[in-house]
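**Q**
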Ligand SMILES: C[S@@+](CC[C@H](N)C(=O)[O-])C[C@H]1O[C@@H](n2cnc3c(N)ncnc32)[C@H](O)[C@@H]1O
């Protein structure tokens, strides 16, 4: 069950970032546009080779992922951005007002099932929540993302394999092996862990409708 107090604390954190920095990488708490784009590139691995997918963007911010997709002519059938911050959604709607394929929603219940659900950055800022509470929240959120996805999902998180000296107490550093194991057990045997790019984080890519490579070889 989602904790409303946790969600509203996180919402306040990000709305304050947008107020301070506007629709920029800093406005969604990223250090750089290059890092934001690299995260999108990794998440979009899951849609590679798929004709014109529909995409849910879970925690869309001011719509940076849609900007990325449009700038690179990546063809999508439809895009739904969801964010807990009403201010982010208002900004995203304003920026993409002329895009007939894009919708933005502020309530999770308004998201329809899409081919893929992607989430960049929603698991990073835990504020004062304990690791146990935050981990449970991550697992539950991943489950809900899966329920919204026909063919696959992808999300990122900060890695527990990062240097202690650089860590911040209000951020959550997830164990990549544990998240991989959770997705393998719970959602699919077709799961990739990307932990080889130049950020202190990882991306998990889950394909929901294929059989595992091992099954394919055996069959
Ligand atoms: C680090 S920012 C990244 C925004 C965007 N994905 C990007 O990369 O440009 C995280 C965003 O996710 C939103 N968010 C955090 N937790 C969320 C949740 N559980 N559900 C929906 N949105 C969430 C925040 O309000 C914030 O706008």
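Residue numbers (my numbering): 31 to 249.
Glycine included, C-beta positions come from ideal geometry on N, C-alpha and C.
None of the values given here were measured: they were computed from a predicted structure.
(1) Compute the minimum distance between the beta carbon of residue 183 and the heavy atoms of ligand 3, and state whether it is under 8 Å.
(2) For residue 143, is the classification buried or exposed, using 16 other Cβ atoms within 10 angstroms of its Cβ as the cut-off for buried?
(3) Report the option in 68, 67, 64 and 44 whose CA atom is closest to the CA atom of residue 58.
(4) First and last residue of the beta strand (DSSP E) that includes residue 109?
(5) Compare the Cα-Cα distances from residue 165 to each of 187, 150 and 183 and report the closest residue.
(6) Does the separation of the CB atoms of residue 239 and residue 147 fall below 9 Å?
(7) Is residue 141 helix, strand or coil by DSSP?
(8) Residues bridged to residue 237 by DSSP?
(9) Along the chain, where does the beta strand (DSSP E) containing residue 85 start, and where does it finish?
(10) Taking Cβ to Cβ, would you say residue 151 is nearer than 9 Å to residue 77?
(11) From which residue to which residue does the alpha helix (DSSP H) around residue 122 run?
(12) To which residues of the same chain is residue 62 closer than 8 Å at the C-beta, ignoring the five residues directly before and after it?
(13) Could you tell me which residues DSSP pairs with residue 132 in its beta bridges?
(14) For residue 52, verify whether its CB is less than 8 Å away from any heavy atom of ligand 1.
(15) Quick check: does the Cβ of residue 110 come within less than 8 Å of any heavy atom belonging to ligand 1?
**A** The relevant details are as follows:
(1) Inclusion of ligand 3 in the displayed structure is not the case, the ligand content consisting of ligand 1 alone.
(2) exposed
(3) The residue among 68, 67, 64 and 44 with its C-alpha nearest the C-alpha of residue 58 is 44.
(4) 108-112
(5) 187
(6) no
(7) Taken through DSSP and simplified to helix, strand or coil, residue 141 comes out as coil.
(8) 182 and 220
(9) 84-88
(10) no
(11) 116-125
(12) 55
(13) 109
(14) no
(15) no
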